[in-house]
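Participant:
Residue numbers (this note's numbering): 41 to 212.
1. Leaving out five residues on either side along the sequence, give the residues of the same chain with a beta carbon under 6 Å from the beta carbon of residue 90.
2. Could you spell out where the alpha helix (DSSP H) holding residue 69 opens and where it closes?
3. Suppose only complete runs of 3+ residues qualify. What are the beta strand (DSSP E) ranges in the stretch 131-203, listed by chain order?
4. Quick check on this structure: which residue in 103, 188, 141, 98 has the alpha carbon closest to the alpha carbon of residue 74?
5. Look up residue 113 in the DSSP assignment and say whether it is helix, strand or coil.
6. What whole-angstrom Cβ distance do residue 195 and residue 184 have, given they're in contact under 8 Å?
7. Using the Cα positions of residue 52 and residue 63, report the straight-line distance between them to the nearest angstrom.
8. When burial is assigned at 16 or more other CB atoms within 10 Å of the CB, is residue 46 buried or exposed?
9. For residue 126 and residue 151, which I take to be in contact (beta-carbon distance under 8 Å), what is that distance rounded to the nearest angstrom?
10. What is the C-beta distance between residue 193 and residue 180, in whole angstroms, given that I count them as a contact (C-beta under 8 Å)?
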């Protein structure tokens, strides 16, 4: 593929199948090239993060670009230590994708115009899509009749409400 030949300092790996996967050491200049070149006539269809708990830089950001002239998807994955700049100047649709990745994974996008919460409450603590985040969360929201308002309380599980059935229905 010509990307690896033209930009060897930016491309760490390349896999060509029905989709073109690019592992980029410098994703931002590569996205600029893909946006403006003849190689990519299309749009940003998705941006997402993947959590790898064993790494020091846990979250890897990936951009999915759809090229409608070639009928191919280009998957650009940032290297684990790569700086991630905002792609809102290239594709305005990246705004909400980046806000979601910031809120769910904690990844900051340099130069993003408006990193505000999108899916959780402003008082929310934690990053829900990290694999070490508890399924139940840290707090629960309840309406207090005494205070006549919504209050946050730490999640607590009492033992008597848990049901442990160690018998398998398929064994005799």
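Glycine included, every Cβ here is placed at the ideal spot set by N, Cα and C.
Facilitator: In short:
1. 100
2. Residues 67-76.
3. 179-184, 189-194
4. Sorting 103, 188, 141, 98 by C-alpha distance to the C-alpha of residue 74 places 103 at the top.
5. strand
6. Between residue 184 and residue 195 the Cβ distance is about 16 Å, and since that is not below 8 Å, they are no contact.
7. 5 Å
8. Residue environment: residue 46 is assigned as exposed (fewer than 16 neighbouring CB atoms within 10 Å of its CB, all protein chains considered).
9. Right, their Cβ atoms sit about 4 Å apart.
10. The beta carbons of residue 193 and residue 180 sit about 6 Å from each other, so the pair counts as a contact at 8 Å.
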